[in-house]
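Let me begin by presenting the structure, written as C-alpha cells, before commenting on it.
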Amino acid sequence: GWWGRGREGGEAGAGAGGGAVGRQQGEGEVEGGVAQAVGWATCENFIVEGGRVLTPNLSTYLIPTIGDVPERVDSIIVEHPDPRGPWGVRGMGEMPFIPLAPALVAAVHDATGVWFDELPLTPEKVARGLKACPLTHHQVE
11 GWWGRGREGG EAGAGAGGGA VGRQQGEGEV EGGVAQAVGW ATCENFIVEG
61 GRVLTPNLST YLIPTIGDVP ERVDSIIVEH PDPRGPWGVR GMGEMPFIPL
111 APALVAAVHD ATGVWFDELP LTPEKVARGL KACPLTHHQV E
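The opening residue of the sequence shown carries number 11 in the numbering used here; numbering runs sequentially from there.
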C-alpha cells in the first residue's frame with residue numbers, strides 16, 4: 011500500500027441508509043466509497059484552478075489499487091427511511107468521505123507529531139513535513 015503497511019485492519023462504516031433496497035448493494039456502496047475516499051485522501055490529485063483543469067493528463071493520474079484499500083470493510087447499515095428520497099432511500103457511498111480523511115490525518119499526527127492540512131497526504135508530503143518540523147526526532151531520508 012501507499013504507507014508501506016499492506017492491507018491490515020479494516021474500517022467500520024455506519025450510516026443512516028434509509029430503507030435498504032438491497033443490503034448487498036448498500037454494503038457495496040460503502041466499500042466503493044471507502045476506496046474512493048482512500049484515493050482522495052492519499053493519492054488522487056486532480057488540480058483545478060479558476061475553473062480550468064491543470065492536471066495534464068489522466069494516464070499518470072493515480073487511483074488506489076486493491077493493495078491500498080482495507081482488506082475488510084464492516085458496514086453497519088441503519089435503516090432510517092428518508093421521507094424525501096424515492097422509496098425512503100438515501101446515498102450510502104458518500105458516507106465514508108466524511109470521516110476517512112480526518113481520521114487518516116489524525117493517525118499520521120499521532121504517529122509523527124506533525125499536523126498536515128493539505129490532501130492528498132502522500133508519502134512525499136509526510137516526509138517533507140517531518141523534515142520541516144524541528145520537534146520531530148524521526149530519521150527521514
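Note that the Cβ used here is the ideal one computed from N, Cα and C, for glycine as well.
Quick caveat, the model's predicted, so the values are computed rather than measured.
For L64 and Y71, what's the separation of their Cα atoms in angstroms? 12 angstroms
Helix, strand or coil for E59 per DSSP? strand
Close beta carbons around G103, own chain, < 6 angstroms, minus the five adjacent residues each side: E39, G42 and G43
For G101, which residues from the same chain have a beta carbon less than 8 angstroms from its beta carbon, with the 5 sequence-adjacent residues on both sides left out? E39
Counting C-beta neighbours from all protein chains within 10 Å, is the total for W50 16 or more, i.e. buried, or is it exposed? buried
Return the Cβ separation of A47 and A111 in integer angstroms, given the expectation that the two are a contact with Cβ distance under 8 angstroms. 7 angstroms
Limits of the unbroken alpha helix (DSSP H) element including R82: From DSSP, R82 is part of no alpha helix (DSSP H) but of the beta strand (DSSP E) over R82 to V88.
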